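Take 5 as the starting number for the sequence shown in the numbering used here and just add one per residue.
Quick reminder that beta carbons are idealized off the backbone N, C-alpha and C, glycines included.
Values in this document were obtained by computation on a predicted structure and should not be read as measured data.
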Amino acid sequence: MATPPENARAFELLRDEALACTACRLSEGRTQVVFGMGDPAAELMFVGEGPGAEEDRQGLPFVGRSGKLLDRLMAEEMGLTRESAYIANVVKCRPPENRNPEPDEIAACEPFLMRQIDAVRPKVIVALGKFAAHTLLRSAIPITRLRGNWGHYQGVKLMPTFHPAYLLRSPHEKAKAWEDLKQVVVALGRQLPAPGGRQG
Ligand code: SF4
């Protein structure tokens, strides 16, 4: 989808603001802010937890092992590339030693995510993992119960599912994530890819 110029400009300004942000302690240990990537006019937006070591190094979200799995899930289960979606995280700076982001850090960073979602205006958001799902749905229900059930964030349909990092540790749960992503494809009004490309 083409990016309207005003949307691109709003994104540039928001990115510049995030790159200079020191609103929480995560700014102290970061190499760089990982703002987000993809099509700023995408129909589909993925929201993960926060940058890991590789993301912090490259300045891009989901570029490590989890990112490779996300790319595979998108290609095999959704017939999409990462360039056709927009990908961001709940916190834009890497928590030290990959610890979980603290509630005050999530609260400090959420305005960036809200404004990203407002600028992209996706048809569907996929919340990857418990931090994204809990933050966006204002819920403390375990991700094992939230996943697969539609919710909303700022009026946008939201599908919670497992984080790819969890799927790497628990491959037996992949089938559930596949089912969740299929629901997303249907909600986007797209064709499900032909079966057969999946490698387990
Ligand atoms: Fe700012 Fe978010 Fe980074 Fe905290 S995590 S310093 S709020 S950009």
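Selected residue, minimal CA-CA separation from residue i, among the options
{"i": "Phe116", "options": "Gly71, Leu17 and Ala12", "result": "Leu17"}
{"i": "Asp108", "options": "Glu101, His167 and Val94", "result": "Val94"}
{"i": "Lys178", "options": "Leu48, Glu81, Cys25 and Ala24", "result": "Glu81"}
{"i": "Asp187", "options": "Asp20, Asn153 and Gly52", "result": "According to the sequence displayed, residue 187 carries Gln and not Asp. If we check each option's Cα against that of Gln187, Asn153 comes out closest."}
{"i": "Ala131", "options": "Ala46, Phe50 and Gln36", "result": "Phe50"}
{"i": "Asn11", "options": "Ala46, Cys25, Arg34 and Arg86", "result": "Ala46"}
{"i": "Phe166", "options": "Leu150, Ala123, Thr26 and Gln158", "result": "Leu150"}
{"i": "Arg13", "options": "Gly56, Ala123 and Gly159", "result": "Ala123"}
{"i": "Ala136", "options": "Ala22, Ile110, Val37 and Arg125", "result": "Ile110"}
{"i": "Glu87", "options": "Lys96, Glu183 and Asp75", "result": "Asp75"}
{"i": "Gly33", "options": "Ala57, Met118 and Gln195", "result": "Ala57"}
{"i": "Thr35", "options": "Arg125, Ala27 and Arg61", "result": "Arg61"}
{"i": "Gly52", "options": "Thr139, Cys28 and Thr85", "result": "Thr139"}
{"i": "Cys44", "options": "Ser143, Gln120 and Gln195", "result": "It is Pro, not Cys, that sits at residue 44 in the sequence shown. The shortest Cα separation from Pro44 among Ser143, Gln120 and Gln195 belongs to Gln120."}
{"i": "Ala24", "options": "Val190, Lys96 and Met118", "result": "Lys96"}
{"i": "Val189", "options": "Glu59, Gly54, Leu84 and Lys180", "result": "Leu84"}
{"i": "Asn104", "options": "Ala79, Pro146 and Gly54", "result": "Gly54"}
{"i": "Ala181", "options": "Phe15, Thr148 and Ser143", "result": "Thr148"}
{"i": "Pro199", "options": "Ser143, Ala144, Ala79 and Pro168", "result": "Ala79"}
{"i": "Pro65", "options": "Pro168, Glu183 and Arg194", "result": "Pro168"}
{"i": "Gly155", "options": "Pro197, Ile129 and Phe15", "result": "Ile129"}
Nearest-angstrom Cβ-Cβ length linking residue i and residue j, presumed shorter than 8 Å
{"i": "Lys161", "j": "Lys127", "result": "7 Å"}
{"i": "Leu77", "j": "Leu185", "result": "6 Å"}
{"i": "Leu141", "j": "Ala89", "result": "Leu141 to Ala89, Cβ: 20 Å. No contact."}
{"i": "Ile91", "j": "Met163", "result": "That pair is no contact at about 15 Å."}
{"i": "Leu172", "j": "Pro99", "result": "Contact flag wrong, Cβ pair sits at about 19 Å."}
{"i": "Gly133", "j": "Tyr170", "result": "6 Å"}
{"i": "Ala22", "j": "Ala112", "result": "Actually they do not touch by this definition, with Cβ atoms about 12 Å apart."}
{"i": "Arg19", "j": "Phe39", "result": "5 Å"}
Proximity test, residue i beta-carbon vs the ligand GDP heavy atom, cut-off 7 Å
{"i": "Gly83", "result": "Of the ligands one can find in the structure shown, namely the ligand SF4, none is the ligand GDP."}
(message) Please enumerate, following chain order, all residues with a beta carbon closer than 7 Å to at least one heavy atom belonging to the ligand SF4.
(response) Screening all residues for a C-beta within a distance smaller than 7 Å of any heavy atom in the ligand SF4 leaves Ala22, Cys25, Thr26, Ala27, Cys28, Leu30, Ser31, Arg34, Val37, Val95, Lys96, Cys97, Glu109, Ala112, Cys113 and Phe116, in chain order.
(request) Starting from the N-terminal side, write out each stretch of the beta strand (DSSP E) that is 3 residues or longer and does not extend beyond the stretch 139-194. (result) Those beta strand (DSSP E) runs which fall completely within the stretch 139-194 and span 3+ residues are 155-157 and 160-165.
(request) Only counting runs of 4 or more residues, tell me where the alpha helix (DSSP H) segments fall wholly within the stretch 52-116, in order along the chain. (result) Fully enclosed alpha helix (DSSP H) runs of 4 or longer: 57-62 and 69-77.
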